[in-house]
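Visitor: Per the UniProt record's numbering, the sequence shown starts with residue 1, numbered consecutively. Virtual Cβ for every residue (Gly too), placed ideally from N, Cα, C.
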Amino acid sequence: MMANILVVFYSRDGATEALANAIAEGAAATGATVRLRRARELVSDEVMALAPGWAENAARMNALYEAPTVEDAQWADAIIIGSPSRFGLVSSEAKAWLDSLGGLWARGKLAGKVGSAFCSSGSAHGGNEMTSFTLTVPMAHFGMIIVPPGFADPAMFAAGTPYGASAITQNQPGYQLSQEERAAARFQGQRVAQVAQKLTSA
Numbered sequence: 001m002m003a004n005i006l007v008v009f010y011s012r013d014g015a016t017e018a019l020a021n022a023i024a025e026g027a028a029a030t031g032a033t034v035r036l037r038r039a040r041e042l043v044s045d046e047v048m049a050l051a052p053g054w055a056e057n058a059a060r061m062n063a064l065y066e067a068p069t070v071e072d073a074q075w076a077d078a079i080i081i082g083s084p085s086r087f088g089l090v091s092s093e094a095k096a097w098l099d100s101l102g103g104l105w106a107r108g109k110l111a112g113k114v115g116s117a118f119c120s121s122g123s124a125h126g127g128n129e130m131t132s133f134t135l136t137v138p139m140a141h142f143g144m145i146i147v148p149p150g151f152a153d154p155a156m157f158a159a160g161t162p163y164g165a166s167a168i169t170q171n172q173p174g175y176q177l178s179q180e181e182r183a184a185a186r187f188q189g190q191r192v193a194q195v196a197q198k199l200t201s202a
């Protein structure tokens with residue numbers, strides 16, 4: 001039986017969404033079953049209206065992806081979480097879903113699952129490494145087995161970080177991932193799925 005991989009992301013403009021899709025592709029290429037989920041907004045419509053395209057992008061993505069649930073986390077053998085960097089930190093939307101997993105944590109239901117993280121930012125020093133690394137902190141509390149991409153594939157020397165795949169958008173609306181960023185994300189999905197499969201087959 002192949003591994004179950006949950007990819008949860010929050011994305012406002014689409015860059016983290018694109019990374020999530022590439023990661024999902026990499027995981028699915030191993031034969032894994034993949035669920036792709038988008039965390040939902042926490043802010044008001046008035047706040048969303050301050051950023052051109054935010055509401056429209058949210059409506060588009062929410063029509064494409066279900067919201068992540070606690071049941072998704074229980075189903076998964078591996079959870080890969082992605083967020084845009086918000087001033088060097090995890091977005092509140094991604095963090096809110098992590099916070100919802102307290103019941104599973106209390107019952108030890110997350111211990112032994114594989115965890116990994118990815119991120120996007122608007123600039124080269126916009127917090128990608130810090131945000132991906134920070135996403136692994138609750139994974140440690142959950143007792144998850146953290147699997148970063150590291151430099152375990154040549155793709156990781158061209159894009160991303162050893163802590164997780166990443167994109168640098170230069171604050172361009174509608175940013176398209178570079179070939180290198182997409183390759184790094186696909187490798188991360190593949191690596192996490194392969195490790196999860198080995199653990200579930202042990």
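Skipping 5 residues on each side, what residues in its chain have a beta carbon closer than 6 Å to that of Q188?
Guide: I23, P149 and A165
Visitor: Please state whether DSSP places A111 in a helix, a strand or coil.
Guide: coil
Visitor: Do L199 and F118 come within 8 Å of each other at the CB atom, strictly closer than that value?
Guide: no
Visitor: Are the CB atoms of G115 and T169 nearer to each other than 8 Å?
Guide: For G115 and T169, no; Cβs fall outside 8 Å.
Visitor: Assuming the contact rule is C-beta atoms closer than 8 Å, M160 and A111 should be a hit. Round their C-beta distance to whole Å, please.
Guide: First, the amino acid is wrong: residue 160 is Gly here, not Met. Taking a contact as a CB-CB distance under 8 Å, the pair G160 and A111 does not count as one, their CB atoms being some 28 Å apart.
Visitor: Judging by CA-CA distance, which residue of I81, E180 and H125 is the nearest neighbour of V137?
Guide: I81
Visitor: For A29, which of helix, strand or coil comes out of DSSP?
Guide: coil
Visitor: Would you list the one or two residues that DSSP bridges to T161?
Guide: G164
Visitor: Do you know offhand how far N57's Cα is from A78's?
Guide: 27 Å
Visitor: How about S83 and T16: do their beta carbons lie closer than 8 Å?
Guide: Going by C-beta atoms, S83 is nearer than 8 Å to T16.
Visitor: Just to check my reading of the structure: L6 and R40 have Cβ atoms closer than 8 Å, yes? What is that Cβ distance to the nearest angstrom?
Guide: In this structure, L6 and R40 do not form a Cβ contact; the two beta carbons are roughly 16 Å apart against a cut-off of 8 Å.
Visitor: Can you tell me whether A103 is helix, strand or coil according to DSSP?
Guide: Per the sequence shown, the amino acid found at residue 103 is Gly instead of Ala. Helix at G103.
Visitor: Which value, in whole angstroms, describes the spacing of the CA atoms of T33 and A55?
Guide: A55 has its alpha-carbon roughly 30 Å from the corresponding atom of T33.
Visitor: For a quick check, are the C-beta atoms of V192 and A28 less than 8 Å apart?
Guide: no
Visitor: Could you give the first and the last residue of the continuous beta strand (DSSP E) run that contains N57?
Guide: Element bounds for N57: not the beta strand (DSSP E) but the alpha helix (DSSP H), W54 to L64.
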